[in-house]
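What follows is one structure encoded as structure tokens, with my remarks underneath.
Residue numbers (my numbering): 218 to 293.
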């Protein structure tokens, strides 16, 4: 996989989430790489673009990404 920008990696995460988490682990790894290249410590997501934007859905997402080494926050 080529080097993605942070925004491209986040867009790929949104697409994966909306496709029943298809290849989510690969996209998280790409996101982690993009974050490291760009010196970003936290990925920021728009809850409106998530399949489950309620509190429980956001907490599950944060927990899963944290297990993969990515800190997640939500805009708004």
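Ideal placement from N, C-alpha and C gives every residue a C-beta, glycine not left out.
- Annotation for residue 220: 250, 251, 254 place their beta carbon closer than 8 Å to its own, counting only its chain and skipping 5 residues before and after.
- Residue 288: not part of any alpha helix (DSSP H); member of the beta strand (DSSP E) spanning 288-291, first to last residue.
- Burial state of residue 248 is buried, judged by a 10 Å Cβ sphere holding 16 or more other Cβ atoms.
- Rounded to whole angstroms, residue 291 and residue 262 show a C-alpha spacing of 5 Å.
- A straight-line Cα-Cα distance of about 19 Å links residue 270 and residue 244.
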